[in-house]
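**Student:**
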Amino acid sequence: MARIDLVDLAHSYGGNDAPQESFALKPVTMTWRQGGAYALLGPSGCGKTTLLNVISGIITPSRGKILFDGKDITPLSTQKRNIAQVFQFPVIYDTMTVGQNLAFPLKNRGVPKAEIDKRVAEIGRLLDLEPHLNRKATRLTADAKQKISLGRGLVRSDVAAVLFDEPLTVIDPELKWQLRSKLKALHRELDLTMIYVTHDQTEALTFADTVVVMHDGRVVQSGTPAELFDKPAHTFVGYFIGSPGMNIIPAEVRGREARIGGHVIVLNRAYDNLPAGAKIEIGVRPEFVEVVAPAPGLLTAKIERIDDLGRIRFARTRLGDAKLAARAPAGFTSSDGDAGLKFDPSHVHVYADSLLVEGAA
Amino acid sequence: MDKTVNQKAWFLVLPVFLVVAFSAVLPLMTVVNYSMQDTFGNNQFFWNGVGWFKELLDPSTDLGGRFLASLGRNLFFSLVILAIEVPLGIVVALSMPRDGWTVAACLVILALPLLIPWNVVGTIWQIFGRPDIGLLGYVLNAAGIDYNYVSNDIDAWVTVIVMDVWHWTSLVALLCYAGLKSIPEAYYQAAQIDGASRWAVFKAIQLPKMNRVLLIAVLLRFMDSFMIYTEPFVVTGGGPGNSTTFVSIELVKIALGQFDLGKAAALSLVYNLIILIVCWIFYTVMTNAGAERKPQEGAA
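So the sequence lines, in the order shown, correspond to chains A and B. If you read the first sequence in UniProt numbering, its first letter stands for residue 1, the second for the next number, and so on. If you read the second sequence in UniProt numbering, its first letter stands for residue 1, the second for the next number, and so on.
Okay, structure coming up:
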């Protein structure tokens, strides 16, 4: 159990001399709290697995340091790091029983037999694997196998952190929920630092108390699910999280006003010091834009279609060249395909070169 | 669902039946016919019933003695080359690079002995081992080791075995390498995290994942070495004496040397039967091993 600090950590598969733009993981400094449940969220190829492998020691970083509880462990091998990792596909030692699989990491470390038996029984109970302990592990289903992979990590009493690399990829959807709640329960019970890599926002948001969003090798935002939803620090976070994602529309912003094609939208805060020459956009989640009947003073958009998601309906509209999704209230119908857009000013954010700008109150 | 029944399809299979009949069934039946008869040349045949088979299994007769002795030699030979080639092939496969240009280089080098025809391999070693002009034989004798495969039984055996190991270890190594390549990287990473030693990785991951290809390798090498003819025939001619006379060499001696077609036919039938039985055993073992590895759904 440990606090993990990443200090100016970066990795390039092309070596340290490669231009920084090509780095798989661009320099990052951050702290992972002991006992926290973290999710590393991002699309494929964003560097999240690289970061995970750097932490577990499978990859030695090109630059920077990793500290466990303040101790530099960057040069240590995976074996010496006290890390547990669960991979995308269940890793099972074919010839062994479930119990032997769980005992394997302890046996390798020369733990006395009585102690091994005790730990294996304990972890078997914790993961509901008790009835299978004496069965061949190959004969179990994918989710049970994934539990064994996890169990091999938990069986060591001294693990600093448990890393998950998209562990639910091969699990049936209905079992995914069960296994994810099991993980949450384990996290509460064992007070372990857990880091969970995924490209699925639902998985990330339901599992973690802190979600770290990565994009193109960079950590673009780290925060609670609510923070990511309400105040995306980067336009990427805005449209990657949420379904549909945030609307990002080019606009001219001056003071408390944003202009889109000559039309004024009132903002909650004042933006007077926007960087000159930057690409200015406003971002607003579809949940906070409402389509209503066209009226003077409202921005008018063309409705392309309306998606009914059951609980909520979203209108897909076109605004000049830009596309915009907006909430369609119950009973809304459009006769001529035109609709007025009503913005909720407290949820309209301003972005300069894709980064969130904090306005003055 | 109703399947369309069309008996015309049999005509499409007919050519295969004809080819198989002329290439396999008829020759085999001729052999069966010969095995029941005796011949004294001039195309004269006399009925002998199961006489040859009785003799074949009775070590006190000339035929039975020669057959059982060569069978014993052959089994011993197969066991020895398996005991050497399988572990050696695994070691070679394990020490091969996993990626980079060296992989291609290794594969080509490994494949070279496999591409050389049997009688050429025999000739190479026949000359290589000669004490007067062969590099190996000359060097060994110069180093004070009295080595002569023409006159010494043990030297002849060593030569034949080393030759087979040289020729065929590559096959085992290539099969094992293919098996090793199919192991996902995550297994090695997980083992690293579990603190497994090199030996534990081999025992827990590599060997179990290779056992399918190893079974195939053992089967192929057993069958091939059990039927071996050309290489030892070229090198030692079955000698000195009868010390390296394997079943196939004995068979050719009887059939073509003595022209005892009846005895030879009986021997080749028994020989064939042994191979069929061994094949069947291996096949059963392999399919059972495969079935055992299938996961049972709903077991969790």
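Think of the CB as a built atom: it goes at the ideal place given N, C-alpha and C, for glycine as much as any other residue. Fair warning: this is a prediction, and the values are worked out from it, not measured in the lab.
Taking Cβ positions only, does A/F87 come closer than 7 Å to chain B?
**Tutor:** Here residue 87 of chain A refers to the residue found at position 87 when the first sequence is read from its first residue. So, interface residue.
**Student:** According to a CB-to-CB cut-off of less than 9 Å, which residues of the region 169 to 180 of chain B neighbour chain A?
**Tutor:** Of all residues in the region 169 to 180 of chain B, none has a Cβ within less than 9 Å of some Cβ in chain A.
**Student:** Under 8 Å, CB to CB, which of the residues in the region 70 to 104 of chain A have a partner in chain B?
**Tutor:** Answer set for the region 70 to 104 of chain A: S77, T78, Q79, I83, A84, Q85, F87, Q88, F89, V91, Y93, D94, T95, M96, F104.
**Student:** To test your reading of the DSSP string, which unbroken alpha helix (DSSP H) runs of 4 or more residues are found completely within the region 103 to 161 of chain B?
**Tutor:** As far as the region 103 to 161 of chain B is concerned, its whole alpha helix (DSSP H) runs of at least 4 residues are 118 to 128, 135 to 142.
**Student:** Would you decide whether A/G255 is buried or exposed? Buried here means 16 or more other CB atoms lie within 10 Å of its CB.
**Tutor:** Here residue 255 of chain A corresponds to residue number 255 of the first sequence, with the count starting at 1. By the 10 Å Cβ count, A/G255 comes out exposed.
**Student:** Please tell me whether B/I193 has its Cβ less than 7 Å away from any Cβ of chain A.
**Tutor:** Reading the second sequence from its first residue, position 193 is the one you call residue 193 of chain B. It does: the Cβ of B/I193 has a partner Cβ on chain A nearer than 7 Å.
**Student:** What does the Cβ neighbour count give for A/T235, buried or exposed, with the cut at 16 atoms within 10 Å?
**Tutor:** For the purposes of this step, residue 235 of chain A is identified with residue 235 of the first sequence, where counting begins at 1. Counting Cβ neighbours within 10 Å, A/T235 comes out buried, since at least 16 surround it.
**Student:** List the endpoints of the continuous beta strand (DSSP E) containing A/H349.
**Tutor:** Numbered from 1 along the first sequence, position 349 holds the residue referred to as residue 349 of chain A. From DSSP, the beta strand (DSSP E) with A/H349 extends over 348 to 352.
**Student:** Closer than 7 Å by beta-carbon distance: list the chain A residues that pair up with B/S197, in chain order.
**Tutor:** The sequence position of residue 197 of chain B within the second sequence is 197, counting from 1. Within 7 Å Cβ-Cβ: N108.
**Student:** Report the rounded CA-to-CA distance for A/V357 versus A/V289, giving the unit in angstroms.
**Tutor:** Your numbering for residue 357 of chain A matches position 357 in the first sequence. Your numbering for residue 289 of chain A matches position 289 in the first sequence. Rounded to the nearest angstrom, the two C-alpha atoms are 20 Å apart.
**Student:** My output table needs one value for B/E297: the three-state DSSP class, helix, strand or coil.
**Tutor:** As a first step, residue 297 of chain B must be located in the second sequence, where it is residue number 297. Note on B/E297: pLDDT 39, under 50, position unreliable in the model; the coordinate value appears next. Coil at B/E297, not helix or strand.
**Student:** Figure out for me which residue from A/R311, A/L274, A/V266 has the closest Cα to the Cα of A/L341.
**Tutor:** Translated into positions along the first sequence, residue 341 of chain A becomes position 341. When only C-alpha atoms are compared, the closest one is A/V266.
**Student:** A/P250 and A/E281: beta carbons closer than 7 Å?
**Tutor:** Indexing the first sequence from 1 puts residue 250 of chain A at position 250. Indexing the first sequence from 1 puts residue 281 of chain A at position 281. It is a contact, given that the beta carbons lie within the stated cut-off.
**Student:** Residues of chain A with a CB under 8 Å from the CB of B/P208: which are they?
**Tutor:** Locating residue 208 of chain B in the second sequence gives position 208, counting from the first residue. Per Cβ cutoff of 8 Å: Y93, D94, T95.
**Student:** Would B/D153 and B/I81 be called neighbours here (beta carbons separated by less than 7 Å)?
**Tutor:** What you label residue 153 of chain B is simply residue 153 of the second sequence in a count that begins at 1. What you label residue 81 of chain B is simply residue 81 of the second sequence in a count that begins at 1. Taking 7 Å as the Cβ cut-off, B/D153 and B/I81 do not qualify as a contacting pair.
**Student:** Per DSSP, A/G340 forms a beta bridge with which residues?
**Tutor:** In the first sequence, counting from the first residue as 1, residue 340 of chain A sits at position 340. For A/G340, which the question treats as bridged, DSSP gives the partners A/V292, A/T300.
**Student:** Given a cut-off of 7 Å, decide if A/S56 and A/L163 are closer than it, judged by their beta-carbon atoms.
**Tutor:** In the first sequence, the residue the question calls residue 163 of chain A occupies position 163. In the first sequence, the residue the question calls residue 56 of chain A occupies position 56. Going by C-beta atoms, A/L163 is nearer than 7 Å to A/S56.
**Student:** Tell me, please, whether the region 137 to 155 of chain B touches the region 83 to 103 of chain B by the rule of three or more beta-carbon pairs shorter than 8 Å.
**Tutor:** The answer is no - the region 83 to 103 of chain B does not touch the region 137 to 155 of chain B, with fewer than three Cβ pairs under 8 Å.
**Student:** Taking 7 Å as the CB-CB limit, is A/R152 close to chain B?
**Tutor:** Here residue 152 of chain A is taken as the residue at index 152 of the first sequence, counted from 1. Yes, contact with chain B.
**Student:** Just list the beta strand (DSSP E) runs in the region 201 to 276 of chain A, keeping only unbroken ones of 3 residues or longer that don't cross its boundaries, in chain order.
**Tutor:** Within the region 201 to 276 of chain A, the complete beta strand (DSSP E) runs of at least 3 residues are 210 to 215, 218 to 223, 247 to 250, 252 to 260, 263 to 271.
**Student:** Going by beta-carbon coordinates alone, are A/K65 and A/V7 separated by less than 7 Å?
**Tutor:** What you label residue 65 of chain A is simply residue 65 of the first sequence in a count that begins at 1. What you label residue 7 of chain A is simply residue 7 of the first sequence in a count that begins at 1. Yes; because the gap between Cβ atoms is below 7 Å, this pair is in contact.
**Student:** B/A24 CB to nearest chain A CB: under 7 Å?
**Tutor:** One-based indexing of the second sequence puts residue 24 of chain B at position 24. Not an interface residue.
**Student:** The alpha helix (DSSP H) that contains B/R73, what's its start and end?
**Tutor:** Stepping through the second sequence from its first residue, residue 73 of chain B is reached at position 73. Per DSSP, B/R73 belongs to the alpha helix (DSSP H) from 62 to 95.
**Student:** Can you give the beta carbon distance from A/A137 to A/K147, rounded, assuming they're within the 8 Å contact cut?
**Tutor:** Sequence index remark: in the first sequence, residue 137 of chain A carries index 137 (1-based). Sequence index remark: in the first sequence, residue 147 of chain A carries index 147 (1-based). A/A137 to A/K147, Cβ: 10 Å. No contact.
**Student:** Counting only beta-carbon atoms, is A/I4 nearer than 7 Å to chain B?
**Tutor:** Working through the first sequence from its first residue, we reach residue 4 of chain A at position 4. Chain B, which has no Cβ nearer than 7 Å to the Cβ of A/I4, makes this no.
**Student:** For B/I216, return the contacting residues in chain A, with the cut-off set at a CB-CB distance below 9 Å.
**Tutor:** If you number the second sequence from 1, residue 216 of chain B lands on position 216. Simply none; closest approach about 18 Å.
**Student:** Taking buried to mean at least 16 other C-beta atoms within 10 Å of its own C-beta, is A/N273 buried or exposed?
**Tutor:** As a working mapping, residue 273 of chain A is identified with position 273 in the first sequence. Exposed: under 16 other Cβ atoms inside 10 Å.
**Student:** For chain A, check one thing: does any of its Cβ atoms lie closer than 7 Å to the Cβ of B/A93?
**Tutor:** Along the second sequence, one-based indexing puts residue 93 of chain B at 93. It does not: the Cβ of B/A93 has no partner Cβ on chain A nearer than 7 Å.
**Student:** Can you look up B/V19 in the DSSP assignment and give me helix, strand or coil?
**Tutor:** In the second sequence, the residue the question calls residue 19 of chain B occupies position 19. Helix, per DSSP.
**Student:** Which residue's Cα is closest to the Cα of A/T206: A/Q178, A/S77, A/T60, A/A361?
**Tutor:** Position 206 of the first sequence, counted from the first residue, corresponds to residue 206 of chain A. Looking at the Cα atoms, A/Q178 is the closest of the given residues.
**Student:** For A/R318, which of A/G35, A/F332, A/T300, A/A24 has the nearest alpha-carbon?
**Tutor:** Stepping through the first sequence from its first residue, residue 318 of chain A is reached at position 318. When only C-alpha atoms are compared, the closest one is A/T300.
**Student:** What residue from A/F68, A/R109, A/T50 has the CA that sits closest to A/T60's CA?
**Tutor:** Working through the first sequence from its first residue, we reach residue 60 of chain A at position 60. The candidate whose alpha carbon is nearest that of A/T60 is A/T50.
**Student:** State buried or exposed for B/Q258, treating a residue as buried only when at least 16 other CB atoms are found within 10 Å of its CB.
**Tutor:** Locating residue 258 of chain B in the second sequence gives position 258, counting from the first residue. Result: exposed.
**Student:** Please state the DSSP three-state secondary structure of residue 362 of chain A.
**Tutor:** For residue 362 of chain A there is no data in the structure shown, the boundaries of chain A being 1 and 361.
**Student:** Output needed for A/L150: all residues of its chain with C-beta closer than 6 Å, excluding positions within five of it in sequence on either side, in chain order.
**Tutor:** The residue labelled residue 150 of chain A in the question sits at position 150 within the first sequence. Same-chain partners within the cutoff: V86.
**Student:** Looking at the C-beta of B/Y187, does it have a partner C-beta in chain A at a distance below 7 Å?
**Tutor:** Residue numbering aside, residue 187 of chain B sits at position 187 when the second sequence is read from its first letter. True, the Cβ-Cβ gap to chain A drops below 7 Å.
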